[in-house]
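Q: I have a structure here, written as structure tokens, and I will follow up with some questions on it.
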Amino acid sequence: MAKVFVALDFPSEAQAWQMAEKLLPVNPYLKVGLELFVAAGPAFLHRLTAAGAEVFLDLKFHDIPNTVAGAVRSSISLGARYVNIHCGGGEAMIRAAVEASTKEAERLGVKKPTLLGVTVLTSLDDQAVQQIGFPRSASAQVKHFVELAQECGLDGVVCSAEEIPLVKSLAGKNFITMVPGIRPLGSDKGDQKRTLTPAEAVLAGADCLVVGRPVTGAADPRLALSQILQEVAHS
Ligand code: C5P
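Just so we're aligned, residue 750 is where the sequence shown starts under the working numbering, counting upward by one.
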């Protein structure tokens, strides 16, 4: 069954913990991104994992190979089960991250985390992609990065739901797709433009869904999450 990661996009540990406590009894998957990690730091990750959470550490590493390898090692020490890096960091950086992940997990005697690549941010359109200096359309650039990611040993990519068929056809059904932009029927789209319902994402082949505001902004977050889990289970 597809996993549903709830994005804990909060500016403080207190708010994030309050939400985590509500959600953990129904689902262990939580995403910690830049906003919360900068505010609450590694101690909060320890707190989450000690409470039974499976954490996706969404920090999108992009630096020289040595630095990214170190960041991946540190993520494993923190207990992150899903970690991501930017494919745009290049082959040497991706390979360094994969090697660091394998070796550090082995050294600590823990399961290797799922290492995902960020291809082209969904906030970028064709024009923005070309303005950066890539010569292709956004989708051609995604294709290029998926091939690079797979060749270098990444476990999957973070992508928009509409890219799932492309990713699976290029890299096979076992290559993991982590998909944000999920909106249950009737919920507010907010700033997301291309959205899919949980059922549509599952039918498209998504392995992991990322949901933020439809759960965290609901009057009853636990109920909202339970309804999404039901929809996923019956799709
Ligand atoms: O609140 P909402 O459901 O839109 O939250 C989606 C989460 O997924 C946020 O944490 C956002 O940063 C993240 N995300 C995204 N689009 C991407 C990558 C990550 O919305 N392409």
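Quick reminder that beta carbons are idealized off the backbone N, C-alpha and C, glycines included. All values derive from a computational prediction rather than experimental measurement.
Helix, strand or coil for H835 per DSSP?
A: Against the sequence shown, residue 835 aligns to sequence position 86. Correct three-state label for H835: strand.
Q: With C-beta atoms as the reference, is L974 less than 8 angstroms away from V755?
A: On the sequence shown, position 225 is the one that residue 974 refers to. On the sequence shown, position 6 is the one that residue 755 refers to. Yes, they are a contact pair.
Q: Would you call the stretch 892 to 899 in contact with the stretch 846 to 857, where contact means no fewer than 3 C-beta pairs closer than 8 angstroms?
A: As far as the Cβ criterion goes, the stretch 892 to 899 does not touch the stretch 846 to 857, which means the pair count is below three.
Q: Distance, Cα to Cα, D969 vs L772?
A: Taking the first residue of the sequence shown as 1, we reach residue 969 at position 220. Taking the first residue of the sequence shown as 1, we reach residue 772 at position 23. The straight-line gap from Cα to Cα measures roughly 10 angstroms.
Q: With a Cβ-Cβ cutoff of 8 angstroms, do S824 and P777 count as a contact?
A: Here residue 824 corresponds to residue number 75 of the sequence shown, with the count starting at 1. Here residue 777 corresponds to residue number 28 of the sequence shown, with the count starting at 1. In this structure, P777 does not lie closer than 8 angstroms to S824 by Cβ.
Q: For R841, which residues of its own chain have a beta-carbon under 6 angstroms away from its beta-carbon, when the five flanking residues on both sides are left out?
A: For the purposes of this step, residue 841 is taken as residue 92 along the sequence shown, with counting starting at 1. The question names Arg, but residue 841 in the sequence shown is Ala. P814, listed in sequence order.
Q: Whether or not the stretch 866 to 884 and the stretch 947 to 954 are in contact is what I'm after, with contact meaning three or more pairs of Cβ atoms, one per stretch, closer than 8 angstroms; do they touch?
A: Too few Cβ pairs lie closer than 8 angstroms, so no.
Q: Please identify the residue among H811, F805 and A829 whose C-alpha is closest to the C-alpha of G839.
A: As a first step, residue 839 must be located in the sequence shown, where it is residue number 90. Comparing Cα positions, the closest option is H811.
Q: Consider the C-beta atom of E942 and the heavy atoms of the ligand C5P; say whether any pair is separated by less than 7 angstroms.
A: Along the sequence shown, read from residue 1 onward, the residue named residue 942 stands at position 193. In the sequence on display, residue 942 carries Lys and not Glu. No - the ligand C5P has no heavy atom lying nearer than 7 angstroms to the Cβ of K942.
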